[in-house]
Amino acid sequence: MSIVTKNGDGGQTCLMYGMRVPKHHPRIEACGAVDELNAALGLARAQTPPRWLAEALRQVQQDLIVLMGELATDPSCHERLRRDGFPTLGPGHLERLEAEVRRLEAELAPPRGWALPGANPLAAALDFARTVCRRAERRVCALTGPDSEPHRQAVMYLNRLSDLLWLWARRMEQPDEARGKGPS
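Residue numbers 1 to 184, in the numbering used here, belong to the letters of the sequence shown in order.
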């Protein structure tokens, strides 16, 4: 099977379960922004972070694949998505991020002033991913409304993730001996 289908040549694309929408549809914009975020996290992971951070980034990337599946599904089909066994973001995903935020906040000194991205390639990549995450959050927020309740969890997840990316970037600006310390 070829990756080239030519089905999108007319400016339309398919959501899960076959619904066709224009490529500029807000749902496609949200999927694209989350896909960009996943790629930005891959760039950060390629910077050879400490093992604990590489594993955490990989887990977040897997979460984002789940989120893209949810976003690529019209709200009218979300129950079918669950019935068909596709994973969805749940409270446990959010709790994992919040636990890591609490851990880092307890270890890092409170910020004094604005952070200036670019202290080193890894911290810069994490800061870049944070800004992409904020954009993805805005795109997902554009989908929220009375018929988009499934995306509330996604908005909260992306909001926590951007906070966590900021903290990870600050942690990676620290001396090497502090950077390698992961969760106890």
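Backbone N, C-alpha and C fix where the C-beta goes; we use that ideal spot for every residue, glycine too.
The structure presented is a predicted model; accordingly, all values stated were derived computationally and were not measured.
- Item | Cβ shell of ALA33 (< 6 Å), same chain only, five flanking positions each side left out | Against the sequence shown, residue 33 aligns to sequence position 33. Closer than 6 Å at Cβ, skipping near neighbours: ARG135, ALA136, ARG139.
- Query: If we call anything under 8 Å between Cβ atoms a contact, is ALA169 one with ARG130?
  - Reply: One-based indexing of the sequence shown puts residue 169 at position 169. One-based indexing of the sequence shown puts residue 130 at position 130. For ALA169 and ARG130, yes; Cβs fall inside 8 Å.
- State the DSSP-derived secondary structure class of THR13, mapped to helix, strand or coil. Here residue 13 refers to the residue found at position 13 when the sequence shown is read from its first residue. DSSP places THR13 in strand when its eight states are reduced to three.
- Query: Does the distance from the C-beta atom of LEU37 to that of LEU64 stay below 8 Å?
  - Reply: Locating residue 37 in the sequence shown gives position 37, where the first residue counts as 1. Locating residue 64 in the sequence shown gives position 64, where the first residue counts as 1. Yes.
- Message: Output needed for GLU105: all residues of its chain with C-beta closer than 8 Å, excluding positions within five of it in sequence on either side, in chain order.
- Response: To locate residue 105, count along the sequence shown from 1; it is residue 105. Cβ neighbours of GLU105 beyond the five flanking positions: LEU167.
- For LEU57, which of MET68, ARG152, LEU164 has the nearest alpha-carbon? The sequence position of residue 57 within the sequence shown is 57, counting from 1. The shortest C-alpha separation from LEU57 is found at LEU164.
- Would you call VAL132 buried or exposed, if buried means 16 or more other Cβ atoms sit within 10 Å of its Cβ? Residue numbering aside, residue 132 sits at position 132 when the sequence shown is read from its first letter. Result: buried.
- DSSP beta-bridge partners for VAL21? Counted from its first residue, the sequence shown places residue 21 at position 21. Bridge partners of VAL21: THR13.
- Message: Alpha carbons only, please: which of ARG27, PRO49, LYS23 is nearest the one belonging to LEU126?
- Response: One-based indexing of the sequence shown puts residue 126 at position 126. Here the closest residue by C-alpha is PRO49.
- Tell me the start and end of each unbroken alpha helix (DSSP H) in the stretch 72-157 that is at least 4 residues and wholly inside, in chain order. 78-83, 91-107, 121-141
- Helix, strand or coil for PRO26 per DSSP? Position 26 of the sequence shown, counted from the first residue, corresponds to residue 26. Residue state, collapsed to three classes: helix.
- Report the option in ASP9, GLY8, CYS31, MET1 whose CA atom is closest to the CA atom of LEU158. One-based indexing of the sequence shown puts residue 158 at position 158. Nearest of ASP9, GLY8, CYS31, MET1 to LEU158, Cα basis: CYS31.
- Query: How many Å lie between ASN120 and ALA39 at the Cα?
  - Reply: Counted from its first residue, the sequence shown places residue 120 at position 120. Counted from its first residue, the sequence shown places residue 39 at position 39. Using only the alpha carbons, I get a separation of about 19 Å.
- Task: Check whether the Cβ atoms of MET172 and LEU116 sit closer than 8 Å, and answer yes or no.
- Result: For this step, residue 172 is matched to residue 172 along the sequence shown. For this step, residue 116 is matched to residue 116 along the sequence shown. The answer is no: Cβ separation not under 8 Å.
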